[in-house]
Each structure stands twice: as structure tokens, then as C-alpha cells.
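Let me begin by presenting the structure, written as C-alpha cells, before commenting on it.
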Amino acid sequence: MSFPSPQRPTFDHRPRGRVFDHLEFDPETLLAAKGSTSVTVAIPAKDEAATVGPIVAAIRDRLVDRVPLIDELLVMDDLSNDATAALAADAGAKVISTADVLPWHGAGGKGEALWKSLHASSGDVIIWCDADIRNFDTRFVLGCLGPLLLHRDIGFIKGFYRRPLNEDGEGGGRVTELVARPLIATLFPRLDEMIQPLSGEFGGRRELLEQVPFSRGYAVDLALLIDLSERFGPEIIAQVDLGSRVHRNRPLRQLGPQAAAITAMALQRAGFDQRAATLTMKRPEFGDATITVGDLPPLASLAGEGRRRPAR
Ligand SMILES: Nc1nc2c(ncn2[C@@H]2O[C@H](COP(=O)(O)OP(=O)(O)O)[C@@H](O)[C@H]2O)c(=O)[nH]1
Ligand SMILES: [Mg+2]
-1 MSFPSPQRPT FDHRPRGRVF DHLEFDPETL LAAKGSTSVT VAIPAKDEAA TVGPIVAAIR
59 DRLVDRVPLI DELLVMDDLS NDATAALAAD AGAKVISTAD VLPWHGAGGK GEALWKSLHA
119 SSGDVIIWCD ADIRNFDTRF VLGCLGPLLL HRDIGFIKGF YRRPLNEDGE GGGRVTELVA
179 RPLIATLFPR LDEMIQPLSG EFGGRRELLE QVPFSRGYAV DLALLIDLSE RFGPEIIAQV
239 DLGSRVHRNR PLRQLGPQAA AITAMALQRA GFDQRAATLT MKRPEFGDAT ITVGDLPPLA
299 SLAGEGRRRP AR
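Per the numbering used here, the sequence shown starts with residue -1, numbered consecutively.
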């Protein structure tokens, strides 16, 4: 299968705020700018045997072996039922199982994987990248890393991209268009210039990230934008154009639970009294879905617990 070339998307709209392009950054320039700043790349992965190997191998080859830009390359595996862990390790990642990191805070879920990867890593700067990207190229990492290494006042960088049309003529991004953007417009207009508020390619400074909670499950991406902008001001968030991105497209029945997690988080952040740890959506067609909601505490608040590795 061939994918469109990774050239810059054609957006008529130039958003407010600081916007970069991955084409501005190359490994050598970033290495020169890096100084003593250490960098972690963390990849959350659950059953991603089809794509995780080439993603890790590309980062390892181009950004660790050829140019020593990335100090730590982690895959946060969640008891995958396929060969994700072995393939990631073979390709050169340090593979950590979520079951081995702060297990008393629960296992499973994207938010949990990101939070645990922050805890289990040491970089001053951490870049996250999804493991299901089918047209992966190291621009996804370089684009997020560049602004953080070159601009001290940027605390968090969010990737955006164009989604090529699929066979149905749809560009994907159903949860973004039908849930995230409407919630942002109604409840968090300060984020209304975010081009891809749910993108999985983003990064930030540990000193900030350890001070905010991480929402469980699929609400984590939008929750970080809401919480970091609230706590440190929207101006610490920049965006970077990563070209085009192709990932696994999930069927509608799997998107409902994602949408529910995001809705519950957004309403809770907006003041709705949402205390239940789970919510169940009745679904006559697809089967009922129970979604775990709520937050993991800021890592900085864990004190002693935060630094202790769980007993094996
Ligand atoms: N470790 C771990 N990773 C997860 C979990 N859920 C999702 N991910 C990873 O998070 C990334 C984004 O998930 P995906 O399902 O593609 O989300 P979408 O792109 O928003 O539909 C992928 O790399 C997944 O493998 C989980 O429960 N545990
Ligand atoms: Mg995906």
C-alpha cells in the first residue's frame, strides 16, 4: 500500500499561537542545541505487532545510533496478546510492562500507559508517539522535539497532521470532529486553535508534566491540554506540523467508549460532579460498554511512593 508523500498539509487556516513545521528540524541541528538536556521517547503500545517494530527501529537507527539525540527509548506495553513486546525489544527499545509500574494505580488504558512511562523514564523532555502509525518517519519525533530544545519558553508541543482520505472519502478523525471539537467550543474555547487536539504525537518538559494529573484511558490527550493550559497558561503550548499521518482506523463501535471517556473528563474539568470510577453506556446494537474514568494523580504528588519501584 502506498501513502501520500509526507509533505506539508494544505491548511488555509493559520492558527493563533506558535506553530512550527517539522521541516525546520534535523537531527544534527537538534543535537547541537540539546546541550545537557536528556530526552526520552515513549511509545504506548497494546497489541501493535504490525507496526511497533519498524517505528522503534527507525528511531533507534536514525536518532540513537546515527545521531545520539534520544537518550532513552521506551515502549510501554500492556500485556499485549501479540508479539508487541518481543518485536519492540528486538528493534532496540527498552520494553516496560504497565503491570510492573505502580500497579496499585491500576493497569490498562492509554492514560495509564503515558503516566507510567513518565514515571519509569528520566528524560528532562519526553516525547510520546503512538505505536499504530503506518507511515512512520522520524519527523514525528523530530518535529515534536525541535521546539522544546530550541525554545525554552515552550513547555508542551502538540503535533498536528493531515489525515489522508480513506476508501470512503473520509479523512477519519471522527472522535475529534464529533466530540473533541464540540467540547472545546462549548467548554474550553481557549483551546480552539488546536488543530489535532487528540493527536498521539506530542511532548513536554518533565517539570511541568509531573505537576498535572493524567486522565485515564483515551481522555488523556485532551486532558493534558486542558490541565497544562489552565495551570501554566495557553502560551506554553505550541503546535507542530508533522505532515500526513495514517494509523489504524477503528470501527464505530470502538469509538463510542473513547468518546465517552473524553466527554466524562471534559465535563468533570468543567465542574460537573463526576465521581464514579466507571460509567456504562447501554448499546443495543454494539453491546454495553463500561469505561473506566477519573484521574491518576500528578507524579509530583506521589512523594515517596513516586520514587519507589514496585516489588517484583
Ligand atoms: N500500553 C497501552 N497502550 C495503549 C492502550 N490503549 C491504547 N494504547 C496505545 O495508544 C496509542 C493510541 O491508541 P489508539 O487505539 O490507536 O487510539 P486512537 O488513535 O485515538 O484510536 C496506540 O499506540 C495504542 O497501542 C493501553 O491500554 N495500554
Ligand atoms: Mg490510532
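Heads up, the beta-carbon is just placed ideally off N, CA and C, and yes, glycines get one too. Please read all numbers here as calculations on a predicted model, not as lab measurements.
Are the Cβ atoms of residue i and residue j separated by less than 8 Å?
i: residue 139; j: residue 235; result: no
i: residue 259; j: residue 215; result: yes
i: residue 126; j: residue 200; result: yes
i: residue 110; j: residue 294; result: yes
i: residue 53; j: residue 134; result: yes
i: residue 227; j: residue 162; result: no
i: residue 114; j: residue 99; result: yes
i: residue 207; j: residue 116; result: yes
i: residue 253; j: residue 172; result: yes
i: residue 85; j: residue 51; result: yes
i: residue 255; j: residue 289; result: yes
i: residue 90; j: residue 154; result: no
i: residue 270; j: residue 112; result: no
Going by beta carbon distance, what residues of the same chain come within less than 7 Å of residue i, once the five residues before and after it are set aside?
i: residue 301; result: none
i: residue 25; result: 60, 61, 65, 67, 140
i: residue 314; result: In the structure as shown, the chain begins at -1 and stops at 310. Residue 314 is therefore absent and cannot be evaluated.
i: residue 292; result: 214, 275
i: residue 28; result: 67, 140, 143, 144, 147
i: residue 185; result: 264, 268
Of the residues the options, which one's Cα is nearest the Cα of residue i?
i: residue 209; options: 230, 119, 194; result: 230
i: residue 246; options: 153, 18, 43, 200; result: 43
i: residue 49; options: 128, 206, 154; result: 128
i: residue 88; options: 72, 101, 102; result: 72
i: residue 251; options: 282, 233, 34, 270; result: 282
i: residue 12; options: 296, 203, 238; result: 238
i: residue 150; options: 170, 186, 205, 132; result: 205
i: residue 131; options: 14, 197, 153, 102; result: 197
i: residue 257; options: 244, 217, 273, 284; result: 217
i: residue 191; options: 284, 233, 299; result: 233
Output needed for residue i: all residues of its chain with C-beta closer than 8 Å, excluding positions within five of it in sequence on either side, in chain order.
i: residue 195; result: 156, 174, 178, 179, 182, 189, 219, 220, 223
i: residue 36; result: 69, 70, 120, 121, 122, 123
i: residue 286; result: 278, 279, 280
i: residue 261; result: 177, 181
With a threshold of 6 Å on Cβ separation, who are the neighbours of residue i within its own chain once the five nearest residues in sequence on each side are excluded?
i: residue 80; result: 45, 47
i: residue 267; result: 224
i: residue 16; result: 236
i: residue 38; result: 70, 119, 121, 124
Give a yes or no on whether 8 Å exceeds the smallest Cβ distance from residue i to chain B.
i: residue 256; result: Looking at the structure shown, chain B is missing, and only one protein chain is on hand.
Problem - ligand 1 site residues, beta-carbon cut 7 Å against heavy atoms - result: 41, 42, 43, 44, 45, 46, 74, 75, 76, 96, 106, 107, 108, 110, 111, 128, 129, 130, 173, 196, 198, 216, 245, 246, 248, 256
Exercise for the section: Check whether the stretch 73 to 83 touches the stretch 106 to 118, taking contact to mean three or more Cβ pairs, one atom from each stretch, closer than 8 Å. Expected result: yes
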